[in-house]
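In what follows, a single structure is set out as structure tokens and then discussed.
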Amino acid sequence: KCIEEWGWKFHHLGIPTTEEKPGEKYIPHFKFYVSGFPTSPFGVEWMRYDADSPIHPLIQTVPHLAFEVQDLDYELANRNFNILTEPNSPSEGVRVAMIEHNGAPIELIEFEIVNNK
Numbered sequence: 001k002c003i004e005e006w007g008w009k010f011h012h013l014g015i016p017t018t019e020e021k022p023g024e025k026y027i028p029h030f031k032f033y034v035s036g037f038p039t040s041p042f043g044v045e046w047m048r049y050d051a052d053s054p055i056h057p058l059i060q061t062v063p064h065l066a067f068e069v070q071d072l073d074y075e076l077a078n079r080n081f082n083i084l085t086e087p088n089s090p091s092e093g094v095r096v097a098m099i100e101h102n103g104a105p106i107e108l109i110e111f112e113i114v115n116n117k
């Protein structure tokens with residue numbers, strides 16, 4: 001439904017891990033490491049969390065699906081989601097929010113449209 005009717009696009013599968021992975025990048029403001037996505041043909045992303053990471057416990061323990069959306073604010077305002085993490089910017093040009101659906105975390109991602117003239 002979210003792909004066919006709402007126009008969302010699959011982006012990645014995020015999998016929590018406690019093991020170090022090659023090519024990890026540290027995200028200091030969220031206190032976790034991320035790896036795998038740039039080299040995965042299937043969109044698999046590994047996430048390893050510091051003990052004091054502020055990320056919601058469900059996100060740290062249950063794999064999540066991530067979808068690209070055109071308008072993050074619209075999706076959150078109009079679809080009655082249970083929001084785990086309010087919209088934030090993990091990196092430049094990207095806004096994300098985490099929702100929960102039937103016990104599973106779902107990430108919504110909005111990429112800033114860059115007009116290169």
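The sequence shown begins at 1 in full-length UniProt numbering and counts up one residue at a time. All C-beta atoms, glycine included, are put in the ideal place defined by N, C-alpha and C. Note that this is a predicted model, so its numbers are computed, not measured.
Taking DSSP as the reference, what is the three-state secondary structure of N102? N102 carries a coil assignment under DSSP once its states are collapsed to helix, strand and coil.
Which residues DSSP lists as bridging residue 122, in chain order: Nothing can be reported for residue 122, as the shown portion of the chain is limited to 1 through 117.
Sheet register partners of V94 (DSSP bridge): Answer is F111.
Between which two residues does the beta strand (DSSP E) holding I15 run? Here the beta strand (DSSP E) through I15 covers 9-16.
Determine the extent of the beta strand (DSSP E) in which A66 is found, giving its start and end residues. Annotation for A66: the continuous beta strand (DSSP E) segment containing it runs 64-68.
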